[in-house]
Every structure is written in structure tokens, then in C-alpha cells.
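Engineer: Got a structure for you, written out below as C-alpha cells; questions coming shortly.
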Amino acid sequence: MHDVTHPITIPDELRPADGRFGSGPSKVRPEGVEALNAVSKTFLGTSHRQRTVKDQVARLRRGIAEFFGIPGGYEVIISNGGTSAFWETAVFGLIRAHAQVAEFGEFGGKFRKAIADAPFLSAPSVVSAPGGQAAFLSAEAGVDVYGSVHNETSTGVAVPVQRVAGADPGALLLTDATSGAGALDVDLTQTDVYYFAPQKAFGSDGGLWIAVLSPAALERAAEIKATGRYIPQFLDLVTAIEQSRLEQTYNTPALATVFLAAEQTDWMNAQGGLAWSSKRSAESASAIYGWADRSQYATPFVTDPALRSNAVATIDFADSVDAAAIAKALRANGIVDTEPYRKLGRNQLRIALYPTVDPADVEALTRCIDYVAERL
Numbered sequence: 022m023h024d025v026t027h028p029i030t031i032p033d034e035l036r037p038a039d040g041r042f043g044s045g046p047s048k049v050r051p052e053g054v055e056a057l058n059a060v061s062k063t064f065l066g067t068s069h070r071q072r073t074v075k076d077q078v079a080r081l082r083r084g085i086a087e088f089f090g091i092p093g094g095y096e097v098i099i100s101n102g103g104t105s106a107f108w109e110t111a112v113f114g115l116i117r118a119h120a121q122v123a124e125f126g127e128f129g130g131k132f133r134k135a136i137a138d139a140p141f142l143s144a145p146s147v148v149s150a151p152g153g154q155a156a157f158l159s160a161e162a163g164v165d166v167y168g169s170v171h172n173e174t175s176t177g178v179a180v181p182v183q184r185v186a187g188a189d190p191g192a193l194l195l196t197d198a199t200s201g202a203g204a205l206d207v208d209l210t211q212t213d214v215y216y217f218a219p220q221k222a223f224g225s226d227g228g229l230w231i232a233v234l235s236p237a238a239l240e241r242a243a244e245i246k247a248t249g250r251y252i253p254q255f256l257d258l259v260t261a262i263e264q265s266r267l268e269q270t271y272n273t274p275a276l277a278t279v280f281l282a283a284e285q286t287d288w289m290n291a292q293g294g295l296a297w298s299s300k301r302s303a304e305s306a307s308a309i310y311g312w313a314d315r316s317q318y319a320t321p322f323v324t325d326p327a328l329r330s331n332a333v334a335t336i337d338f339a340d341s342v343d344a345a346a347i348a349k350a351l352r353a354n355g356i357v358d359t360e361p362y363r364k365l366g367r368n369q370l371r372i373a374l375y376p377t378v379d380p381a382d383v384e385a386l387t388r389c390i391d392y393v394a395e396r397l
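Our numbering applies: residue 22 is where the sequence shown begins, and numbers increase by one.
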């Protein structure tokens with residue numbers, strides 16, 4: 022047993038080059054910060070209605086469109102508030118009356134609650150599964166919006182993005198891609214709204230939501246707006262669409278967030294776009310799950326290999342090993358944010374596998390975990 026009065030020091034040769042493994046906020050590339058610093062005197066603290074900032078908004082929208090190879094007629098829309106704001110925006114501006122949602126973790130549950138709390142909508146139909154498993158949408162008469170999660174950040178479960186077979190004509194599919202976008206492959210023709218925030222795979226700070234909308238989703242937003250439904254201005258999707266087309270946001274955006282997200286997107290596009298980034302995340306996933314499968318004291322929380330996320334890995338530990346103590350020791354050695362999702366309450370670690378994270382650093386992390394575990 023390790024003497025707790027003497028902290029564990031991991032040898033330098035075992036440590037990752039970069040010790041940031043947070044699932045969000047996630048690792049921001051130093052090169053992005055350096056690029057931001059280079060334009061700080063002409064960009065930060067300047068008007069978001071002027072060309073200097075609008076050019077960066079345009080750069081981000083253009084980069085996202087290229088990265089995902091968006092289908093014809095789809096548009097990249099940007100506004101303030103993050104995914105939490107987009108859930109409310111969707112409630113006000115995309116659901117006519119009745120929605121069905123898949124809930125298999127914390128974030129699907131938050132969207133379900135936002136819908137259930139809206140007095141002008143019927144109670145949503147819910148298909149659910151316990152943490153570590155997945156729930157799947159199915160056709161239901163009268164549903165005009167289906168909502169699911171591409172990657173459940175809290176549990177490390179990922180599901181394919183695909184339309185609901187047999188759904189009513191005109192029903193929309195909304196995909197929460199907050200932690201999946203950029204790390205997982207996707208065919209955007211299979212959804213109408215693919216929305217996310219940039220503090221995950223897009224290597225930036227929070228403060229924005231980004232959504233790729235199909236022509237049907239754009240039309241639905243205009244249709245609901247025309248009904249006269251009360252929509253708070255901040256959550257007005259039509260306003261967000263109109264402002265994005267002007268390369269700006271309705272109110273002042275987080276300028277550093279816009280710039281860092283644009284830098285990250287350009288970097289990923291230069292490497293090979295979504296094909297490259299999803300492959301890189303898959304390499305990191307292979308490293309962490311392969312290690313856990315070989316370990317005598319660790320195992321992937323998600324038992325079905327087909328559902329194991331390449332964006333966020335959750336690893337359970339035997340009762341004889343204190344995962345919280347491992348995370349604490351790692352943090353003391355500059356390897357940070359490996360703690361599990363707080364509400365899941367499991368003896369586990371959670372590791373981000375976003376394309377910014379070098380697969381070699383994931384390999385190094387596994388060696389560090391073993392080193393600490395042996396000494397606890």
C-alpha cells in the first residue's frame with residue numbers, strides 16, 4: 022500500500038506530452054491560442070458588426086460546411102448560449118406539437134425535460150435505456166420531431182445517426198452531437214438538425230451553439246414563427262438563421278470562442294476533414310479500450326463494443342481499485358480531467374478521445390494509470 026503522506030510521482034518518461042483529457046471543456050491546441058494572440062489587438066474587443074469579426078464568423082461557417090461536406094440546401098447556423106440554449110431554441114422553434122426523444126444519459130434527459138416543461142407542447146414520448154446502454158427511436162403517429170443523441174457524453178455511448186423508418190412525412194430528426202461532432206463519422210442527409218457546441222472536438226471555449234439545418238428544418242422554423250407563437254428573442258431560431266446569413270450573431274458572440282473554433286476547424290480540414298478526425302479518434306479509442314480489455318482491474322463500462330464511443334471512453338474499475346484516488350494522483354502529476362461524470366456515480370474514469378488528443382498520449386495515459394494503480 023502506498024504511503025499517502027508521500028504523493029505518487031509518475032516518471033516523466035511515462036507521462037503524456039499533453040495531460041488534458043477532459044470531455045468538455047476539452048483540450049485547446051496551443052497553436053490556436055498562439056494564433057488568437059497574434060490577432061488580439063485587431064480582433065478581441067472589437068465590434069461584432071464589423072468586418073474583422075464577421076470574417077471570422079464566415080470562416081467558421083465555411084469551415085464547418087467543408088468539414089461535414091454538408092448536403093445541398095443545408096445551412097450552418099451559429100448563435101450564442103451553447104447546447105443548453107439550443108434545446109430551448111428547438112422547443113420554441115422546431116417542435117409543432119409532439120416530439121419523441123431517446124434518453125440514455127444525462128443530456129438526452131435534459132432535452133426531454135425542456136420539452137416536457139413547455140406548456141404549449143404535449144408531453145413527449147420517451148424511449149429510454151439505463152446508463153451504458155442505448156435507446157432507439159421508432160415511428161409513432163403524430164410525432165413531428167424526433168430527438169436523439171449522437172454521443173452521450175455522460176456514459177460514453179454512441180449510436181449511428183439515421184432517420185426513423187416509417188416516420189410521418191415531414192417529421193424532423195434532431196441530433197444532439199455536442200460531444201460526437203468532429204470525432205464520429207456522420208452522413209448529414211440522415212438528419213435535419215445536427216447541433217453541437219465547440220468546447221469538445223472543435224477545441225474551443227463554450228458560449229456558442231452550431232447547428233447544420235436541412236431545408237425542411239429551415240422551413241419548419243419559418244412556419245412556426247409565422248404562427249405567432251411567443252418565442253423569446255434570444256431563442257428565436259429564425260433570428261439566428263437571418264443573422265448567420267449576415268455572418269454575425271443576434272447579440273455579441275464570444276469572440277475568442279469563434280476564433281478558436283475556426284482555427285480548429287481549419288486545422289482538421291487541413292489534415293483531411295471528418296475522415297481524418299474520426300479515424301484519429303478511433304485510434305485513441307482502440308488504445309484505451311484495448312488496454313481495459315487486457316487489464317485485470319479495469320473494464321469498459323459500455324459492455325456492447327458496438328456502442329462504445331470513439332469520442333468519450335468510460336472505464337470501470339474493480340472495487341479493490343479506487344478510481345477517484347487514481348484521478349487525484351493523475352491530477353497531481355498534471356494529467357487532468359479524467360474524473361467520471363458526477364451524476365453517474367460509478368467507480369470509473371472518463372477519457373476524452375477527441376481528434377485534438379494525440380493517440381500516443383492516450384497510450385501514455387494507460388501506462389500512467391497502471392503505474393498509479395500498482396502503488397495504491
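For every residue, glycine included, the Cβ atom is placed at its ideal position computed from N, Cα and C.
Pairing CB atoms from the region 209 to 218 with CB atoms from the region 190 to 201, are three or more of them under 8 Å?
Structural biologist: Taking 8 Å as the limit for Cβ pairs, the verdict is that the region 190 to 201 does touch the region 209 to 218.
Engineer: Ends of the alpha helix (DSSP H) at Asp391?
Structural biologist: Counting along the chain, the alpha helix (DSSP H) containing Asp391 begins and ends at 380 to 396.
Engineer: What does a CB cutoff of less than 6 Å around Leu386 pick up in its chain, not counting 5 residues either side in sequence?
Structural biologist: Within the same chain, Leu386 has close Cβ partners Pro37.
Engineer: Which class does Thr248 belong to by DSSP, given the choice of helix, strand or coil?
Structural biologist: Note: Thr248 maps to coil in three-state DSSP.
Engineer: Between which two residues does the beta strand (DSSP E) carrying Ile336 extend?
Structural biologist: It spans 333 to 338 - the beta strand (DSSP E) in which Ile336 sits, taken as one unbroken run.
Engineer: DSSP state of Pro321, grouped into three classes?
Structural biologist: In the structure shown, Pro321 sits in a strand (DSSP, three-state: E or B).
Engineer: DSSP three-state call for Asp189: helix, strand or coil?
Structural biologist: Correct three-state label for Asp189: coil.
Engineer: Can you grab the Cα-Cα spacing for the pair Arg241 / Asn368, in whole Å?
Structural biologist: One C-alpha to the other measures close to 44 Å.
Engineer: So which of Ala345, Pro253, Asp337, Ser330 has the shortest CA-CA distance to Pro321?
Structural biologist: Closest by alpha carbon: Asp337.
Engineer: How many whole angstroms separate the CB atoms of Ile116 and Val185, which I take to be in contact at a CB cut-off of 8 Å?
Structural biologist: Between Val185 and Ile116 the Cβ distance is about 15 Å, and since that is not below 8 Å, they are no contact.
Engineer: DSSP state of Val279, grouped into three classes?
Structural biologist: In this structure, Val279 counts as helix in the three-state DSSP scheme.
Engineer: Using the Cβ count rule (16 or more neighbours within 10 Å means buried), how would you classify Ala327?
Structural biologist: Ala327 should be labelled exposed.
Engineer: By Cβ distance, which residues of its chain are closer than 6 Å to Ala182, with the 5 residues on each side in sequence left out?
Structural biologist: The displayed chain sequence assigns Val, not Ala, to residue 182. Closer than 6 Å at Cβ, skipping near neighbours: His171, Thr196, Val207, Gln211, Thr212.
Engineer: CB-CB under 7 Å to Ala118, same chain, minus the five flanking residues each way: which ones, in chain order?
Structural biologist: If we look at Ala118 and ignore the five residues flanking it on each side, its Cβ neighbours are Leu142, Ser143, Asp165.
Engineer: Does the Cβ-Cβ distance between Phe128 and Ala150 come in under 8 Å?
Structural biologist: Result no, Cβ atoms of Phe128 and Ala150 do not sit closer than 8 Å.
Engineer: Around the C-beta of Asp76, are 16 or more other C-beta atoms found within 10 angstroms, so that it is buried, or is it exposed?
Structural biologist: Exposed: under 16 other Cβ atoms inside 10 Å.
Engineer: Excluding five sequence neighbours on each side, which residues of the same chain lie with their C-beta closer than 7 Å to the C-beta of Ala308?
Structural biologist: Excluding sequence neighbours, Ala308 sits near Pro380, Val383, Glu384, Thr387.
Engineer: Can Ala283 and Leu81 be called in contact, C-beta distance under 8 Å?
Structural biologist: Going by C-beta atoms, Ala283 is nearer than 8 Å to Leu81.
Engineer: Taking only the alpha-carbon atoms, compute the straight-line gap between Gly152 and Tyr95 and give it to the nearest angstrom.
Structural biologist: Cα-Cα distance, rounded: 33 Å.
Engineer: Use the C-beta contact count for Ala275: other C-beta atoms within 10 angstroms, 16 or more gives buried, fewer gives exposed.
Structural biologist: With 16 or more Cβ atoms within 10 Å of its Cβ, Ala275 is classed as buried.
Engineer: Nearest CA to the CA of Glu52: which residue from Thr176, Arg72, Leu281?
Structural biologist: Out of Thr176, Arg72, Leu281, Leu281 has the C-alpha closest to the C-alpha of Glu52.
Engineer: In chain order, what residues of the same chain lie with their CB nearer than 6 Å to the CB of Glu87, ignoring the 5 residues before and after it?
Structural biologist: Counting only Cβ-Cβ distances below 6 Å, and skipping sequence neighbours, we find Asn290.
Engineer: At what residues does the alpha helix (DSSP H) containing Leu351 begin and finish?
Structural biologist: Run containing Leu351: 344 to 353, per the alpha helix (DSSP H) assignment.
Engineer: Under 8 Å between the Cβ atoms of Leu158 and Ala179?
Structural biologist: Their beta carbons are not under 8 Å apart, which means Leu158 does not touch Ala179 by this criterion.
Engineer: Would you mind giving the Cβ-Cβ distance between Phe107 and Trp230, rounded to the nearest angstrom? I have them listed as a contact below 8 Å.
Structural biologist: Rounded, the Cβ-Cβ distance is 4 Å, consistent with contact.
Engineer: Considering only residues of the region 119 to 190, which uninterrupted beta strand (DSSP E) runs meet the minimum length of 3 residues and lie entirely inside it, listed in chain order?
Structural biologist: 120 to 124, 146 to 149, 166 to 170, all fully within the region 119 to 190.
Engineer: Confirm, please, whether the CB-CB distance from Ile29 to Ala237 is below 8 Å.
Structural biologist: Not a contact, by the Cβ cut-off of 8 Å.
Engineer: Under three-state DSSP, which class holds Ala296?
Structural biologist: Looking at Ala296 - three-state DSSP - the assignment turns out to be helix.
Engineer: Are the beta-carbon atoms belonging to Arg352 and Tyr362 less than 8 Å from one another?
Structural biologist: Result no, Cβ atoms of Arg352 and Tyr362 do not sit closer than 8 Å.
Engineer: Looking at Ala218 and Gly224, is the spacing between their C-beta atoms short of 8 Å?
Structural biologist: Contact flag unset, no.
Engineer: So what does DSSP say about Arg241, is it helix, strand or coil?
Structural biologist: Reduced to three states, the DSSP call for Arg241 is helix.
Engineer: Please work out which residues of its chain come closer than 8 Å, Cβ to Cβ, to Thr104, disregarding the five sequence neighbours upstream and downstream, and give them in chain order.
Structural biologist: Correct list, in chain order: Phe128, Asp197, Thr199, Tyr216, Phe217, Ala218, Trp230.
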